[in-house]
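Novice: Read top to bottom, the protein sequences are chains A and B.
The numbering of the first sequence is this note's numbering, which starts it at 4 and goes up by one.
The numbering of the second sequence is this note's numbering, which starts it at 4 and goes up by one.
All C-beta atoms, glycine included, are put in the ideal place defined by N, C-alpha and C.
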Amino acid sequence: MDVKIDEKFVLNNYEAKNKEEVIMKLANILLQEGVVKDSFLRSVLEREKRFPTGLPTEPVKIAIPHTDAEHCNSSAIAVATLTEPVRFGLMGDDKETVDVRIIFLLALNKKEEQAIFLSKFSQFICDSKVIEEILLANDSSYVASILKDRLCN
Amino acid sequence: MAKKRIITLCGSGIASSTIVAQKVKKACEEKGIDVDVKPIAFRELQGEILHADLIISITPGLKVDNVPVVNGVSFLTGVGEKNVLDEIFKILEEGKK
Chain A
4 MDVKIDEKFV
14 LNNYEAKNKE
24 EVIMKLANIL
34 LQEGVVKDSF
44 LRSVLEREKR
54 FPTGLPTEPV
64 KIAIPHTDAE
74 HCNSSAIAVA
84 TLTEPVRFGL
94 MGDDKETVDV
104 RIIFLLALNK
114 KEEQAIFLSK
124 FSQFICDSKV
134 IEEILLANDS
144 SYVASILKDR
154 LCN
Chain B
4 MAKKRIITLC
14 GSGIASSTIV
24 AQKVKKACEE
34 KGIDVDVKPI
44 AFRELQGEIL
54 HADLIISITP
64 GLKVDNVPVV
74 NGVSFLTGVG
84 EKNVLDEIFK
94 ILEEGKK
């Protein structure tokens with residue numbers, strides 16, 4: 004699967020004041036690695052205002068910020084687990100919010116090739132056991148290995 | 004029952020709408036309902052809407068005349084997925100088109 008997952012893209016127990024700070028931190032990692040373009044960060048933040056991506060998964064709430072393919076050079080996923088939750092807008096809703104503990108920042112650059120990845124990703128985020136395991140993990144290489152195992156095989 | 008056309012709608016037509024489309028297509032096929040499911044971006048909606056029997060949206064504040072709209076966030080969280088599927092089956096089976 005052509006979606007890069009690297010331990011460099013994983014932040015464990017990150018302390019953030021708000022969602023903008025986490026998204027910026029993760030987007031900068033992907034920018035330094037050449038995965039995304041300069042326009043990616045601003046585009047994700049703008050999109051989050053109109054189309055929020057917080058998901059009320061149980062028991063750990065997550066968010067999956069992303070944007071259009073044109074802002075990505077290649078495909079990758081970056082992850083942050085938070086010591087304290089930050090507030091995201093609820094996907095599909097104008098008013099409700101969710102307090103999120105894990106952020107999966109998705110950089111996807113080829114729509115046609117992502118179907119299999121997204122199918123696995125949707126099963127993955129609904130699997131409460133593995134999501135809890137990621138939240139409790141202290142080791143970025145371990146989190147990266149879980150993601151690779153679930154999403155890239 | 005004629006083939007039903009379903010639109011799944013999200014902000015960019017790339018991630019969430021694709022996930023929802025895959026799940027809905029699989030569930031409808033298992034139920035024996037013949038469907039064409041197309042993930043699209045919010046900005047592409049206008050041209051597609053005439054042909055749709057149902058819109059499954061993960062876009063806030065969507066208002067559409069003539070086509071039923073169902074919220075698809077359950078397909079991303081797994082929470083309440085079955086209830087939403089029942090609602091979808093009901094709409095498709097009762098639809099006049």
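By the 10 Å Cβ neighbour count, where 16 or more other Cβ atoms means buried, how is T100 (chain A) classified, buried or exposed?
Specialist: exposed
Novice: What's the C-alpha gap between K102 (chain B) and L29 (chain A)?
Specialist: Summary: the structure shown does not reach residue 102 (chain B), with chain B confined to residues 4 through 100, and so no result is reported for it.
Novice: Just to confirm, is the Cβ distance from I150 (chain A) to I67 (chain A) under 9 Å?
Specialist: Here the sequence assigns Leu to residue 150 (chain A), which means Ile is not the residue at that position. No, they are not a contact pair.
Novice: Residues of chain B with CB under 9 Å from E61 (chain A), in chain order?
Specialist: T80, G81, V82
Novice: Please say whether K26 (chain B) and E84 (chain B) have beta carbons closer to each other than 9 Å?
Specialist: yes
Novice: Got a sec: is the Cβ-Cβ distance from F92 (chain B) to anything in chain A below 9 Å?
Specialist: no
Novice: Starting from S20 (chain B) and walking both ways along the alpha helix (DSSP H), at which residues does that stretch end?
Specialist: Element bounds for S20 (chain B): 19–33.
Novice: Considering only C-alpha positions, which residue in the set A:D9, A:C155, A:A147 is nearest to Q117 (chain A)?
Specialist: A:C155
Novice: Which word fits T80 (chain B), buried or exposed, when buried means at least 16 other C-beta atoms lie within 10 angstroms of its C-beta?
Specialist: buried
Novice: Excluding the five sequence neighbours on either side, which residues of its own chain have a C-beta within less than 8 Å of the C-beta of N31 (chain A), listed in chain order?
Specialist: Here the set comprises L44.
Novice: Cutting at 7 Å between CB atoms, please list the residues of its own chain near E90 (chain B), excluding the five before and the five after it.
Specialist: Once the five neighbours on either side are set aside, the close Cβ partners of E90 (chain B) are V73.
Novice: Would you call the stretch 13–22 of chain A and the stretch 140–149 of chain A in contact, with 3 or more CB pairs under 8 Å?
Specialist: Under the three-pair Cβ rule at 8 Å, the stretch 13–22 of chain A counts as touching the stretch 140–149 of chain A.
Novice: Output the boundary residues of the beta strand (DSSP E) element that contains E87 (chain A).
Specialist: 79–92
Novice: Residues of chain B with CB closer than 9 Å to the CB of D96 (chain A), please, in chain order.
Specialist: Result: P63, G64, N74, V76.
Novice: Roughly how many angstroms lie between the CA atoms of G53 (chain B) and C13 (chain B), to the nearest whole one?
Specialist: Before going on, a small fix: residue 53 (chain B) reads as Leu here, not Gly. Going from the Cα of L53 (chain B) to the Cα of C13 (chain B) covers about 18 Å.
Novice: Going by DSSP in three states, T80 (chain B) sits in which element: helix, strand or coil?
Specialist: helix
Novice: Using alpha carbons as the reference points, say which of B:I22, B:V67, B:I61 lies closest to A55 (chain B).
Specialist: Comparing Cα-Cα distances from A55 (chain B) to each of B:I22, B:V67, B:I61, the minimum goes to B:V67.
Novice: Do I26 (chain A) and I106 (chain A) have their CB atoms nearer than 9 Å?
Specialist: yes
Novice: Of all the options A:V89, A:V38, A:A19, A:E36, which has the alpha carbon lying nearest to the alpha carbon of L58 (chain A)?
Specialist: A:V89
Novice: Helix, strand or coil: which one does DSSP assign to V146 (chain A)?
Specialist: helix
Novice: Once you ignore the five residues that flank L88 (chain B) on each side, which residues in its own chain have a CB closer than 7 Å to its CB?
Specialist: A30
Novice: Using the beta-carbon of each residue, which ones in chain A are nearer than 9 Å to A35 (chain B)?
Specialist: Sequence inspection shows Gly at residue 35 (chain B); the Ala mentioned does not correspond to that position. Those within 9 Å of G35 (chain B) in chain A number zero; the least Cβ separation is about 22 Å.
Novice: Would you mind telling me which residues of chain B sit closer than 8 Å to C155 (chain A), beta carbon to beta carbon, in chain order?
Specialist: Using a Cβ-Cβ cut-off of 8 Å, C155 (chain A) is close to nothing in chain B; its nearest Cβ partner there is about 17 Å away.
Novice: Is V38 (chain A) helix, strand or coil by DSSP?
Specialist: coil
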